[in-house]
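Before any comments, here is the structure.
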């Protein structure tokens, strides 16, 4: 899950990302990785904390290449 948007008007509320993360964990018994970049650590922490067990905060990703490397083996990516 990547809860960061380039513009505030495009941003989805963090609570919605958290809810989706919880549902994915409950329904599919998966781990949810929360990606972030550009110093959005607090937002990522908020989403990870709200999801709870099964959520993992990824290292900061500041380039498309870094993000692509993280999602390369993912089954689903929410932006």
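Residue numbers (our numbering): 701 to 779. All residues carry an ideal CB built from backbone N, CA and C; glycine is no exception.
Selected residue, minimal CA-CA separation from residue i, among the options
i, options, result
"residue 763", "771, 720 and 742", "771"
"residue 737", "775, 723, 777 and 705", "705"
"residue 721", "748, 774, 760 and 759", "748"
"residue 851", "760, 752, 743 and 765", "As shown, the chain starts at 701 and ends at 779. That puts residue 851 outside it, with no answer to give."
Residue span of the alpha helix (DSSP H) that contains residue i, given as start and end
i, result
"residue 755", "Here residue 755 belongs to no alpha helix (DSSP H); instead the beta strand (DSSP E) covers 755-757."
"residue 747", "741-751"
"residue 709", "Residue 709 -> no alpha helix (DSSP H), and no H or E assigned at all."
"residue 770", "764-771"
"residue 717", "714-728"
Assigned secondary structure, residue i (DSSP; H/G/I helix, E/B strand, else coil)
i, result
"residue 701", "coil"
Beta-carbon proximity check, residue i vs residue j, cutoff 8 Å
i, j, result
"residue 778", "residue 702", "yes"
"residue 734", "residue 758", "yes"
"residue 774", "residue 750", "no"
For residue j and residue i, believed in contact at Cβ under 8 Å, the rounded distance
i, j, result
"residue 732", "residue 755", "5 Å"
Residue interval of the beta strand (DSSP E) (run including residue i)
i, result
"residue 650", "The displayed coordinates of the chain run from 701 to 779. Any statement about residue 650 would go beyond what the structure contains."
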